[in-house]
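First comes the structure, then the notes that go with it.
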Amino acid sequence: MNVIKRCPKTGRFIGFNRKASIYKILFPLFGLMALIWFLIRVIPKPSRVNYPCQQVAAPLAGSFLLYLTSGSGALLLHKKYWKKFSHLGIGLLSLAILMISLSTMNFVSCQLPTSQPPESDSIIEAAEVSHVQTFGSGMSKAVWSFDPEAFSWEGSGIWFDSENINKAKLKGLLVYGLLQLAGEDNIQKAWDILFRDFNLRYYNNESSYHSGEKIFIKLNSNGFINPYTIRFLLEELVLNAGVDPKDITIYSDNNLNLSFVNKWSLETMLESIQELKGVNTLTRNTAQFSQVKIHWSDPDQIYYDSNDTTPINSNLYLPQAAVDAQYIINLTSLKGHRLAGFTMAGKNLFGMFQDSPHNSGLHPSIAAKYHSYGPVYQKRPMGSYNALVDLIGHPQLGQKTMLILTDALIVSLYQNPPLDLTYTPQFEDAPFNGNWPNSIFLSQNYVSIDSLGLSFMEAESAVKEMSNRLTQNNYSNSALPDGHTAWNYLEEAASASSAPSGTIYKPDGITPCGDLGEIINWSYSKN
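Heads up: the sequence shown begins at 22 in the numbering used here, then just goes up one per residue.
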């Protein structure tokens with residue numbers, strides 16, 4: 022007797038013939054597996070009941086429970102069929118059950134509804150983007166990736182809500198940027214080239230990434246990176262660079278920030294992508310700290326504010342996870358800053374030691390504008406010491422960074438924006454034409470990417486207009502007013518071996534820095 026029932030007119034599958042003997046054998050197995058799968062998935066997170074796989078499993082599991090309550094299922098299997106299987110032996114019986122289980126899983130997957138699965142169940146493919154441009158060369162190479170369709174926002178609500186972001190285009194910004202940075206047309210080869218280039222410079226060994234090597238991701242402290250950028254970076258590392266999730270650590274010095282990561286990336290969007298589970302998350306409150314210390318090259322410049330110039334002796338030890346890692350990835354955003362003028366990759370390293378930057382007295386040494394909200398900070402002149410140079414020159418921080426990724430879909434003029442249009446200008450000049458920046462920057466060098474980002478902001482008329490307007494209205498949060506000295510950090514770093522300030526930069530307390538990169542100025546080229 023046929024197991025499958027078909028429509029007499031169309032021949033389409035319409036169900037199973039419950040009178041067939043094989044159906045009576047397989048049905049309890051189908052039902053039991055569906056029940057176990059349903060309980061394992063739905064009890065920890067009830068919202069999964071809406072997943073397509075659970076929509077298939079639920080009726081099978083329910084039918085199985087009804088079957089058990091009748092008592093006939095257990096009796097039938099015990100009396101009628103045990104003798105038929107007893108002569109097979111335990112090994113052959115186990116193999117038979119395994120094959121039936123695999124067949125059942127295949128059947129369930131074939132019967133999924135034709136609608137698209139939830140976003141958390143799928144790997145999003147990268148879409149080609151409209152513009153990718155390279156700046157600099159060699160170790161100072163940086164890439165700008167842009168597409169006007171990647172992001173749209175009306176100025177209200179959470180800017181990184183799903184409906185505001187074209188996920189395929191955003192992933193394209195990352196993927197095509199990586200390809201351009203590596204000079205490759207295959208993403209797996211691109212990752213290999215980036216690891217090899219870094220290993221040659223840092224370890225003096227042109228080797229590929231090896232399984233078990235640790236990667237430490239420093240997330241921007243103020244949580245302005247949209248969660249999809251985090252997701253796509255993790256996808257790339259695991260699926261194309263060959264990194265085991267357990268070897269990846271995401272670190273933030275801000276508990277609220279890491280809660281944001283867990284909620285929006287690791288739990289919601291990645292929970293059903295099996296390959297990405299197991300990523301570690303750490304904050305300063307949960308991290309263990311090493312005995313590796315940052316040494317300020319001009320400690321007399323490290324003090325709390327202009328009214329108290331006593332040098333501070335702080336706990337400047339680095340997280341053990343960062344010291345143990347073979348590679349650091351700096352995942353940041355491009356924003357204005359009420360003290361430093363702007364914040365990008367170098368400033369993102371402020372959260373990488375045991376004391377907070379505020380208690381460690383770093384802010385006076387990076388001031389690019391006068392600031393009097395709370396402590397008084399005087400603007401540092403060009404040609405003066407800057408603590409950011411010590412951070413990007415430290416062998417366990419900036420020098421161990423193999424990739425810098427900057428999210429610039431939206432550029433605020435304040436580091437803690439209220440997420441409205443007060444501090445977030447739409448860019449008026451070409452190629453933006455009244456749209457959001459919709460950009461990502463990538464590099465393996467701090468000076469290159471930070472100078473590219475700063476000049477990117479300065480070149481935009483809407484940024485200049487908003488910054489000057491905020492200054493005229495006595496906003497202390499204005500980012501880049503006329504006369505700022507944000508370029509001081511970059512000029513000091515680019516010439517660190519003979520810095521304009523005369524500072525001998527020795528961030529590890531032993532070895533003087535060489536020049537740390539090449540200053541790059543952004544310009545839009547249609548070619």
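We put the CB at the ideal spot given by N, CA and C, even for glycine.
Predicted, not measured: the structure shown is a model, and the values here were computed from it.
If distances are taken between C-alpha atoms only, which option among the options comes closest to residue i?
i: Leu-370; options: Leu-194, Asn-283 and Leu-240; result: Leu-240
i: Tyr-545; options: Ala-480, Arg-252 and Leu-424; result: Ala-480
i: Ala-389; options: Gln-375, Ser-381, Gly-404 and Gly-395; result: Gly-404
i: Ser-460; options: Leu-56, Ile-145, Val-150 and Leu-50; result: Val-150
i: Leu-297; options: Arg-252, Thr-492 and Ala-520; result: Arg-252
i: Met-365; options: Trp-180, Ala-429, Ser-229 and Glu-486; result: Ala-429
i: Ser-386; options: Gln-399, Gly-414 and Asn-380; result: Gln-399
i: Leu-434; options: Ala-483, Trp-174 and Phe-462; result: Ala-483
i: Thr-330; options: Thr-353, Leu-279 and Leu-383; result: Leu-383
i: Val-259; options: Ile-315, Gln-295 and Ala-148; result: Gln-295
i: Glu-161; options: Ala-507, His-505 and Ser-464; result: The sequence shown places Ser at residue 161, not Glu. The shortest Cα separation from Ser-161 among Ala-507, His-505 and Ser-464 belongs to Ser-464.
i: Gln-154; options: Gln-436, Asn-283 and Phe-462; result: Phe-462
i: Asn-225; options: Lys-421, Asn-283 and Ala-189; result: Lys-421
i: Glu-257; options: Ala-147, Phe-477 and Tyr-391; result: Ala-147
i: Asn-407; options: Phe-156, Ser-469 and His-316; result: His-316
i: Ser-280; options: Thr-304, Ser-327 and Ser-476; result: Thr-304
i: Ala-262; options: Val-282, Asn-283, Ser-229 and Asn-278; result: Ser-229
i: Tyr-467; options: Met-423, Phe-172 and Ser-335; result: Met-423
i: Glu-170; options: Gly-176, Glu-184, Ser-177 and Gln-309; result: Glu-184
i: Ile-9; options: Gly-159, Leu-442 and Ala-308; result: Residue numbering for the chain in the displayed model covers 22 to 548; residue 9 lies beyond these limits and cannot be assessed.
i: Thr-532; options: Ser-318, Phe-172 and Leu-53; result: Ser-318
Do residue j and residue i come within 8 Å of each other at the CB atom, strictly closer than that value?
i: Pro-332; j: Pro-320; result: yes
i: Leu-355; j: Gly-455; result: no
i: Ala-500; j: Gly-357; result: yes
i: Asn-301; j: Thr-270; result: yes
i: Gly-549; j: Ile-413; result: Nothing about residue 549 can be reported from this structure: the residues present for the chain run from 22 to 548 only.
i: Phe-216; j: Ala-343; result: no
i: Tyr-338; j: Asp-411; result: no
i: Ile-145; j: Ala-189; result: yes
i: Ser-273; j: Gly-419; result: no
i: Gln-347; j: Lys-235; result: yes
i: Ile-470; j: Thr-427; result: yes
i: Phe-448; j: Trp-543; result: no
i: Asn-328; j: Val-397; result: yes
i: Ile-425; j: Pro-458; result: no
i: Leu-491; j: Leu-352; result: no
i: Ser-381; j: Ser-335; result: yes
i: Glu-227; j: Ile-214; result: no
i: Arg-401; j: Asn-509; result: yes
Just grab the DSSP bridge partners of residue i for me.
i: Asn-301; result: Thr-270
i: Pro-416; result: Looking at the DSSP assignment, Pro-416 forms no beta bridge with any residue, so it has no partner.
i: Asn-456; result: Phe-448
i: Gln-154; result: Trp-165
i: Ile-236; result: Ile-269 and Tyr-348
i: Phe-310; result: Pro-340
i: Phe-363; result: Gly-357
i: Ile-461; result: Ser-166 and Asp-428
i: Tyr-398; result: His-392
i: Asp-321; result: Answer is none; Asp-321 lacks a bridge partner.
Would you call residue i buried or exposed, if buried means 16 or more other Cβ atoms sit within 10 Å of its Cβ?
i: Gly-198; result: buried
i: Lys-547; result: exposed
i: Tyr-324; result: buried
i: Pro-452; result: exposed
i: Leu-528; result: Note that residue 528 corresponds to Pro in the displayed sequence, not to Leu. Looking at its Cβ environment, which holds 16 or more other Cβ atoms inside 10 Å, Pro-528 is buried.
i: Ile-350; result: buried
i: Gly-395; result: exposed
i: Asp-142; result: At Asp-142 the pLDDT is 49, less than 50, meaning the model places this residue with poor confidence and gives no usable figure here.
i: Ile-186; result: buried
i: Arg-9; result: There is no way to answer for residue 9, as the model of the chain reaches only from 22 to 548.
i: Pro-446; result: buried
i: His-231; result: exposed
i: Ala-393; result: Here residue 393 is Ser; the residue named in the question, Ala, does not match the sequence. By the 10 Å Cβ count, Ser-393 comes out exposed.
i: Ser-472; result: buried
i: Gly-157; result: buried
i: Asp-182; result: exposed
i: Asn-56; result: Correcting the residue identity first, residue 56 is Leu in this sequence and not Asn. Per the 10 Å Cβ criterion, buried.
i: Leu-60; result: exposed
i: Ser-177; result: exposed
i: Gln-201; result: buried
query: Do the segment 529 to 546 and the segment 501 to 520 touch if we need at least three Cβ pairs shorter than 8 Å?
result: The answer is yes - the segment 501 to 520 touches the segment 529 to 546, with three or more Cβ pairs under 8 Å.
message: Below 8 Å, how does it come out for the segment 165 to 174 and the segment 190 to 203: are there three or more Cβ pairs, yes or no?
response: Yes, the segment 165 to 174 touches the segment 190 to 203.
message: Taking contact to mean 3 or more Cβ pairs, one atom from each stretch, closer than 8 Å, check whether the segment 244 to 253 and the segment 217 to 230 are in contact.
response: Between the segment 244 to 253 and the segment 217 to 230 there are fewer than three C-beta pairs closer than 8 Å, too few to call the two in contact.
- prompt: Three or more beta-carbon pairs under 8 Å between the segment 518 to 526 and the segment 374 to 383, yes or no?
  reply: In this structure the segment 518 to 526 does not touch the segment 374 to 383; the number of beta carbon pairs closer than 8 Å is below three.
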